[in-house]
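Everything in the sequence shown is counted per this note's numbering, starting at 6 for the first residue and increasing by one.
Reading through the structure tokens given below for one structure.
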Amino acid sequence: MGIQGERLGKGATYARAAQSADDGLGLRLIDSFAAVSDPAELVCEVVARAVLETRSDRGVLSWVDGDEMIVAGCHDPFGEPVPVGSRWPLQPDQLVAVALAGGRVETGSYQDVPLTGLSPALAETYRGLHNLLIAPLRVAGQAIAVLCVSRRRVEAYTAAESTALETVARAAAPGLQGVRLGLQLHDALTELSQLAQRTASVERVKTDVLRLASHELRTPLTVLNGYLSLVQGGFFGEIPEPLVGVMSILQRRTAEMNSLVNDMLVAARVEDVPEVVDGEVVDLGEVLRRAVRDLLPRASESHSLLVEAPAQPVPARLDQERVSLALRNIIDNAIKYSPGGGEVRCRLRAESGMAHIRISDRGLGIAPEDRDKLFTRFGRVLTAANSHIPGIGLGLYFSREVARRHGGDLVLVDIEGGGSVFEMTLPTTAASELRRGGAPAPIES
Ligand code: ADP
């Protein structure tokens, strides 16, 4: 939009005073934005809060995409909203560009300079608007989006309203960065899955993308983890009371990202698992018990995790790290797809040279028509009930591959009633092959 305007917030002193005045609002916003898990809802919530805090008529959030802007969300209860997905070119003389370059809130009026670069249909939705405020959203020094609010009445924005918009933008930026990455990942995956229907060689591409994505994400995550543990360990002094809650949100989210990136890395390496696995002979009962123990922190108070395994060892020759991860995937699914809690039962029995591990839950269950898709790479089955549950559709694919390369399998067992039951089979060996003590070797996580 080719609009010009004046700069608000002159000098660092003003900025610091405004910031401390708005810390209360900022912390409240961080809490309320963190509570929204649905990406589309978060965008709506941020734009609506920006409109509310600045007494505006319209709010628009747009992603910065190279030299283009893409509308992510619009809140305009009484006017014609800008359609989500609309694009327009970013030009250096535009007020948006000035706000992005300066990294600060800018104000202006649509009346000063006519709109440029917008299609006639898009320009029409701006008819009747007067004053506006634009705040850039930045994460780690990079502009990811702009938040723009405007009024139909002729009333200039005050410095306090400018500060409020800046606070909304600052509080929303990390969450929206997550939304943005999610959308980009989703777009990339959609593109990949369309390709998969046309060419078999895309399997190779998926592995490369996984490898690349997980590798690229790992480095910034390591830095983030390092700083978080320094802060938590008191390296920068005592954590101020208002930040204690924020720290726990940061740690939770980072832990989720860690486990996602680890899953991606391991799934990318599934092709590296030898066709015939030659691992050590260990007690499968102990491997199962350890997998359940590892997942206890993932369960809520309303879940109960039960393990039923024979008292005597069930010896099996395993690539222990991968089998443990496969079991953790299935148990983790049983927990996360039972959002209302309930019993998660892990039962091991040995019969005729095979070990059978059944993991059952009382959760959302899986519709018969969706069953084929489960074990494919990126095969997520999205329903209204589970769309808020995070995942990338690699766990079951990986777990079945691992079981098969051990000479076993992983299947979804038909059961009556609610919930799901998965069964993994693995060949057992003679008890005499079990190394002394029978305890599995420690697994690096
Ligand atoms: P992710 O959980 O990351 O989506 P998975 O490969 O582990 O990927 O699972 C694939 C899909 O199978 C999930 O998206 C979910 O729809 C479904 N699913 C897996 N386990 C369960 C379960 N225990 N209960 C209900 N649905 C499940």
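Backbone N, C-alpha and C define an ideal beta-carbon position, used for all residues, glycine too.
Any non-hydrogen atom of ligand 1 closer than 8 Å to residue i Cβ
i	result
A389	no
D375	yes
V386	yes
I362	no
A193	no
I334	Checking the sequence shown, residue 334 turns out to be Asn, not Ile. Because some heavy atom of ligand 1 lies under 8 Å away, the Cβ of N334 counts as near it: yes.
S343	yes
L439	no
G370	yes
G424	yes
D419	no
D299	no
L197	no
D366	yes
A201	no
G347	no
Y232	no
N338	yes
G187	no
L270	no
Opposing strand residues paired with residue i [DSSP bridges]
i	result
G347	H308
A355	A360
E73	D70 and P94
V418	V426
H80	G64
C49	Paired residue(s): none; C49 is not in a bridge.
P1	Residue numbering for the chain in the displayed model covers 6 to 450; residue 1 lies beyond these limits and cannot be assessed.
S365	R350 and V426
With 16 other Cβ atoms within 10 Å as the buried cut-off, status of residue i
i	result
Q189	exposed
F240	exposed
L431	buried
P141	buried
D43	exposed
T388	exposed
A435	exposed
V151	buried
F83	exposed
T224	exposed
R158	exposed
V69	buried
Q1	Missing from the structure shown is residue 1; the chain here goes from 6 to 450 and no further.
E356	exposed
A305	Before going on, a small fix: residue 305 reads as Ser here, not Ala. By the 10 Å Cβ count, S305 comes out exposed.
L235	exposed
D81	buried
S114	buried
Whole-angstrom C-beta distance between residue j and residue i, which should lie under 8 Å
i	j	result
I75	G90	7 Å
L289	V312	Not confirmed; about 12 Å, so no contact.
A176	L34	4 Å
S219	V266	5 Å
Residue-chain proximity (residue i, chain B), Cβ-Cβ < 9 Å
i	result
A106	The chain labelled as chain B is not found in the depicted structure, where only one protein chain is given.
*At which residue ranges does the segment 261-342 contain complete alpha helix (DSSP H) runs of 4 or more residues, listed in the order of the chain?*
289-300 and 325-341
*For the segment 126-200, which segments carrying the alpha helix (DSSP H) assignment without a break, of at least 4 residues, lie completely within its bounds, in sequence order?*
none
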